[in-house]
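Position in the sequence shown (from 1) plus 50 gives the number in the numbering used here. We treat Cβ as the ideally placed atom computed from N, Cα and C, and that holds for glycine. Beneath this line is the structure, given in structure tokens, with notes to follow.
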Amino acid sequence: MTTKSDTLIDENYKFIKQQLAAIDPADIVAQRLVLETLHSSALEPLDVTYEEVRCPGTTRPAIWCKPLVAFLNHAILYTHGGAGFAGSPQSHRKIAGHIAKASGCPALVIDYRLVPEHPFPAGLLDALAAYKWMLETIPAHNIAVVGDSMGGNLAISLVLKARETGLAPPSAIVAISPWLDMEQFGTSIRDNIDRDLLASPGTFAQISKLYLGETCPQDPFANPLYGEYHGFPPMFLTAGGAEMLADNATRLGERAQAAGAHVEVEVVPDMQHVFPFMAGNSKVADRTVEKIGHFIKINLNLL
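Shown next as structure tokens:
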């Protein structure tokens, strides 16, 4: 049963949507400031410390989210969301901290170049550089890659790109409400148009153009729905049943499973985009965070 605390994000998203509607669409800076408040639905995770660090591929410092009780020499590389033009390590510090605590693995929330100043593949190359940096001290089989929204896209495309360049893949991938479809071909983008409290009609088409620049929308590194998943690491995909991007997760799951990959998919009824932002304040969000933590532990051989 959904409780009042499970809809905390609803009011936050309604407020953010109202603020965005009042801003000139060309004012990217103002939109970024509004979206920086996405984390406000999350409670500060207990027993997690934070440390800024400079690593390749970032313009702003990345943030280590370190649980007080953690496994040695294991880590999560976290790629934040924000539709490719917003978001930061700071805006996603709390959700990453909750996942770090649930998995017992420190999480590095990386920064990457944003559109429209830096179209694809700039952000992907920054994420790849951060992954290479992490591999200098932590073996790939002890790493999980996690991302939300456009960061979920990056988490998957990062592993596709790592494989192409001959890098060892991580042992687990988690994508929370991933935005993958650069062509808007899904059904949920229409079916949930009146239920999604954050996105607006036309949002995805507009931002896709910013993100892609001159890139083809069927490029598998920009649109992982066209990726090849034979031999891919295990994936956990989650989405909210009320969001316009809900079937991005299910469609990727079907494609990857058809290629023989191990995939776990959940679509949580009535939940909004990146509903785990409510971690610490919502039992529904907390259950998904615990599932993510368990999935990471299992696939990094920590259980």
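I need the boundaries of the beta strand (DSSP E) containing Met285, first residue and last residue. Looking at the DSSP string, the run of the beta strand (DSSP E) that includes Met285 is Met285 to Gly290.
Suppose the cutoff is 7 Å on Cβ atoms and the five residues either side in sequence are ignored; what does the same chain contact list for Ala354 look like? Because the chain in this structure spans residues 51 to 353, residue 354 falls outside the shown range and cannot be described.
Leaving aside the five residues before and after Arg163 along the sequence, list all residues of the same chain whose C-beta is less than 7 Å from its C-beta, in chain order. Excluding residues within five positions, the ones whose Cβ falls inside 7 Å are Thr109, Ala172, Gly173 and Asp176.
From Ile257 to Val324, what does the alpha carbon distance come to, in whole angstroms? Between the C-alpha atoms of Ile257 and Val324 there is a straight-line separation of about 18 Å.
The region 147–156 contacting the region 114–129, beta-carbon criterion three pairs below 8 Å: Using a C-beta cut-off of 8 Å, the region 147–156 makes contact with the region 114–129, since at least three inter-stretch Cβ pairs fall below that distance.
Would you call the region 294–307 and the region 232–251 touching, i.e. three or more CB-CB distances under 8 Å? Segments in contact, yes.
Gly132 versus Val119 - alpha carbon distance: The alpha-carbon separation between Gly132 and Val119 amounts to approximately 30 Å.
Can the beta-carbon of Ala179 be found less than 8 Å from the beta-carbon of Pro106? A distance below 8 Å separates the beta carbons of Ala179 and Pro106.
Using beta-carbon positions only, say whether Ala225 and Gly197 come within less than 8 Å of one another. Between Ala225 and Gly197, the gap from beta carbon to beta carbon is short of 8 Å.
Would DSSP call Thr57 helix, strand or coil? In this structure, Thr57 counts as helix in the three-state DSSP scheme.
For Val224, report the span of its beta strand (DSSP E) as first-last. From DSSP, the beta strand (DSSP E) with Val224 extends over Ala222 to Ile226.
Count the other C-beta atoms from every protein chain shown that fall within 10 angstroms of the C-beta of Val18, then say buried if there are 16 or more, exposed otherwise. Any answer about residue 18 is impossible in this case: the structure gives the chain only from 51 up to 353.
Short check: CB of Ala190 to CB of Cys155, under 8 Å? Note that the C-beta distance between Ala190 and Cys155 is not below 8 Å.
Near Arg143, what residues of its chain come up, given a Cβ to Cβ distance below 8 Å and the 5 sequence neighbours on each side ignored? Excluding sequence neighbours, Arg143 sits near His89, Tyr100, Ile113, Cys115 and Val159.
Backbone secondary structure at Gly197 - three-state DSSP: The answer is strand: DSSP assigns Gly197 an E or B state.
Go ahead and pull the three-state DSSP assignment for Glu304. Reduced to three states, the DSSP call for Glu304 is helix.
Proximity to Leu352 [Cα-Cα], best of Leu70, Leu122 and Pro111: Ranking Leu70, Leu122 and Pro111 by CA distance to the CA of Leu352 puts Leu122 first.
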